[in-house]
Amino acid sequence: MSHSLENQTLAFAGLCQAASLVQQVAREGSIDNKTQLAATLNSILVTDAEQSADIYGGHAQLSLGYQTLIDQLGNDSKRKNAELTRYLVGIVALERKLAKRRDLMAMLGERINQVKRQLHHFELLDEQVMANMAGIYSDIVSPIGPRIQVAGNPTYLQQSLVQHQIRALLLAGIRSAVLWRQLGGKRRHILFSRKRLVAQAQAALRY
């Protein structure tokens, strides 16, 4: 996969989409667009794609991510969301710590293979699969800290399915952060290449 701006923007949009869906389920208790949810969670399992876009099932599956990227990095301050920024920064920070731990990366790979085997018997959005993905995040990623504090409606946040979805989506965010780094993405790009990232995201939405 090339280190092109297009691919870097795609990976960052994947990260933005995961964070946006975390916020959505934490606030509303559910995610209406199951196609976006499935595309985001499925990205965790796609480890041998030829093209970056194949990881998410194509650019169209990342429309929420591209729009979130534009809102967060664009010039319209009214569209920026401090809570989402906190999630994005937290996920990138966790991924950087995880990348330094080969032992944990190996464990991550094995646990993801377990989920793939589980899909011979269950649908991707089945609660048992979601719980398995959530367990990977809780067991391997979250302990390396700092923990990401998710805000939302307390009534929903107490529900096990909502908790599973949030942790599974945070794991998907980590997956996109890994891809972003592999494709040459760096934190300084978020600060100094905003216009280029936004322009590329706008172009992707026109596909």
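Each residue of the sequence shown is one higher than the one before, starting from 2 at the first, in the numbering used here.
Built from N, CA and C at the ideal position, the CB exists for glycine as well.
Which runs of the alpha helix (DSSP H) fall wholly inside the region 150-196 and span at least 4 residues, in chain order? For the region 150-196, the continuous alpha helix (DSSP H) assignments of 4+ residues that do not extend past its boundaries occur at 155-158, 161-183, 188-193, in sequence order.
Give me, in chain order, the residues of the same chain whose beta-carbon lies closer than 7 angstroms to that of Y67; leave out the 5 immediate sequence neighbours on both sides. In the sequence shown, the residue the question calls residue 67 occupies position 66. Excluding residues within five positions, the ones whose Cβ falls inside 7 angstroms are A14, A202, A205, L206.
Counting only runs that start and end within the region 7-32, where is the alpha helix (DSSP H) found for 4 or more residues in a row? As far as the region 7-32 is concerned, it has no whole alpha helix (DSSP H) run of at least 4 residues.
Residue of T156, T48, V93, A152 minimising C-alpha distance to C17: Start at 1 with the first residue of the sequence shown, and residue 17 comes out as number 16. Considering only alpha carbons, the answer is V93.
Member of E128, Q9, I137, P144 whose CA lies at the smallest distance from the CA of S161: Residue mapping note: residue 161 aligns to position 160 of the sequence shown, counting from 1. The shortest C-alpha to C-alpha distance from S161 to any of E128, Q9, I137, P144 is the one to E128.
May I ask which residues mark the beginning and end of the alpha helix (DSSP H) holding D49? Against the sequence shown, residue 49 aligns to sequence position 48. Counting along the chain, D49 falls outside any alpha helix (DSSP H), and DSSP gives it neither H nor E.
Spatial distance of S177 from R97 (CA atoms): Along the sequence shown, read from residue 1 onward, the residue named residue 177 stands at position 176. Along the sequence shown, read from residue 1 onward, the residue named residue 97 stands at position 96. Computed Cα separation, rounded: 12 angstroms.
When burial is assigned at 16 or more other CB atoms within 10 Å of the CB, is T156 buried or exposed? Here residue 156 is taken as the residue at index 155 of the sequence shown, counted from 1. Counting Cβ neighbours within 10 Å, T156 comes out exposed, since fewer than 16 surround it.
Quick one: Cα of L42 to Cα of R80, how far? As a first step, residue 42 is located in the sequence shown; it is residue number 41 there, counting from the start. As a first step, residue 80 is located in the sequence shown; it is residue number 79 there, counting from the start. Using only the alpha carbons, I get a separation of about 26 angstroms.
At what residue ranges does the region 117-150 contain a whole run of the alpha helix (DSSP H), taking only runs of 4 or more? 128-137
Ends of the alpha helix (DSSP H) at A61? Here residue 61 is taken as the residue at index 60 of the sequence shown, counted from 1. Segment: none, A61 is in no alpha helix (DSSP H) and carries neither H nor E.
Return the chain-ordered list of same chain residues with a C-beta closer than 7 angstroms to the C-beta of R197, the five sequence neighbours on each side being excluded. Position 196 of the sequence shown, counted from the start, is the residue given in the question as residue 197. Residues L6 of the same chain have their beta carbon placed closer than 7 angstroms to that of R197, with the five preceding and five following residues left out of the count.
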